[in-house]
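Please read the structure below before turning to the comments.
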Amino acid sequence: MEYRVDLVVLSEQKQNCRFGLTFHNLSDQDLHNWSLIFAFDRYILPDSISNGQLKQIGSYCTLKPEGLVLAANHHFYCEFSIGSNPFRYYSDGFNEALVNFEVNGNLQRAQVDVTPIVLASPYRERSEIPSSLTHAQPLLPKPNHIEVSDHCFSFNHQAGVAVYSNLANSAKEWLLEELKRIHQFEFASDNGSQIIFKGNPTLDEGAYKLKVAEESIKIEAGSSSGFTHACATLLQLI
């Protein structure tokens, strides 16, 4: 760690907070013609800077000090204000920081370590996320319509794949590859009619119909993306 920046809340009122910024040069080299760059999600009041000049575009801030040299193992300090409600979370501080400086006339840039903001009144109540009910068929993305029956299709090596649409070729190959990769399952041949890919021109781009029965699995789509989506759903059901 050669450079570090600390941010402390000095005072806070409604719509007005005062902060103290300390930039530490922990290296063994003086910093010449330097400036501090940091990402900050709040608007800093320009006239509130106690030491230096600040330029802010969105969350991109550039702070130039009044002194051009920061000696090794020394620090720079300034204060500023924002017209915002008091900070409550540690994530409200600086997101990232860099320092620009010159070495023999050449511009250099280095990463600056950002410490957690020192809050005056952190939010102390524990947040609770309400539990949600798990869907019986947790499929992503969620199909527009699902009908559940007691039928169950059993994969076996004698099962075959039948393709009746050229739009399904890439989806079929991907399905076979994923079955082998995830479940170490391979079909003996492509001959058979247990898994059926069939074109359906009435379905929109990306849409599909998937029917799982005891004797077969039928996949219908009117586009190559529809067959791919159906295979993705089928893999989640296995």
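So this note's numbering is basically just the index in the sequence shown, starting at one, shifted up by 1316.
No residue lacks a Cβ here, since even glycine has one placed at the ideal position from N, Cα and C.
Comparing C-alpha positions only, which one of the options sits nearest to residue i?
i       : options                               : result
Asn1341 : Tyr1359, Val1324, Asn1349 and Tyr1319 : Tyr1319
Gln1331 : His1451, Asn1420 and Ser1397          : Ser1397
Ala1523 : Phe1501, Glu1412, Ser1539 and Glu1530 : Ser1539
Phe1403 : His1499, Ala1529, Leu1323 and Leu1455 : Leu1323
Glu1531 : Ser1509, Leu1347 and Cys1547          : Ser1509
Ile1554 : Ile1512, Ala1478 and Leu1495          : Leu1495
Gly1399 : Gln1552, Phe1503 and Gln1329          : Gln1329
Ser1375 : Leu1492, Asn1416, Phe1410 and Leu1386 : Phe1410
Val1528 : Thr1450, Cys1468, His1473 and Ser1486 : Cys1468
Taking the C-alpha atoms as reference points, what is the distance between residue i and residue j?
i       : j       : result
Pro1517 : Arg1497 : 31 angstroms
Ile1533 : Ser1448 : 31 angstroms
Lys1458 : Lys1488 : 21 angstroms
Ser1343 : Leu1384 : 17 angstroms
Phe1335 : Cys1377 : 15 angstroms
Ser1481 : Glu1536 : 9 angstroms
Asp1429 : Tyr1359 : 22 angstroms
Ala1413 : Phe1354 : 4 angstroms
Val1477 : Phe1513 : 8 angstroms
Ala1426 : Val1434 : 24 angstroms
Phe1339 : Phe1501 : 60 angstroms
Leu1550 : Asp1466 : 16 angstroms
Leu1361 : Gly1421 : 32 angstroms
Phe1471 : Pro1446 : 39 angstroms
DSSP three-state label for residue i, please.
i       : result
Cys1547 : helix
Tyr1524 : strand
Lys1496 : helix
Tyr1319 : strand
Glu1489 : helix
Ala1387 : coil
Leu1370 : strand
Asn1411 : coil
Ser1481 : coil
Gln1552 : helix
Asp1429 : strand
Taking C-beta to C-beta, are residue i and residue j nearer than 8 angstroms?
i       : j       : result
Val1321 : Ala1436 : no
Ala1484 : Phe1543 : yes
Asn1367 : Glu1418 : no
Leu1526 : Ala1548 : no
Leu1456 : Val1415 : no
Leu1386 : Leu1347 : yes
Among the residues of its own chain, which have a CB less than 6 angstroms from the CB of residue i, if the five just before and after it don't count?
i       : result
Pro1432 : Tyr1406
Ser1364 : Phe1396 and Ser1397
Leu1491 : Cys1547
Within 8 angstroms of any Cβ in chain C, is that where the Cβ of residue i sits?
i       : result
Glu1531 : Annotation note: the requested chain C is absent from the structure, which comprises a single protein chain.
Output needed for residue i: all residues of its chain with C-beta closer than 8 angstroms, excluding positions within five of it in sequence on either side, in chain order.
i       : result
Leu1519 : Lys1525, Glu1536, Ala1537, Gly1538, Ser1539 and Gly1542
Gly1515 : Tyr1480, Ser1481, Leu1483, Ala1484, Glu1536, Ala1537 and Gly1538
Ala1452 : Val1464
Ser1327 : Cys1333, Arg1334 and Ala1436
Glu1521 : Gly1538, Ser1539, Ser1541 and Gly1542
Within a Cβ cutoff of 7 angstroms, which residues of the same chain sit near residue i, ignoring the five residues on either side of it in sequence?
i       : result
Glu1382 : Asn1367 and Gly1368
Ala1388 : Asn1341, Ser1343, Asp1344, Gln1345 and Asp1346
His1390 : Asn1341
Leu1379 : Ser1351, Leu1352, Gly1368 and Leu1370
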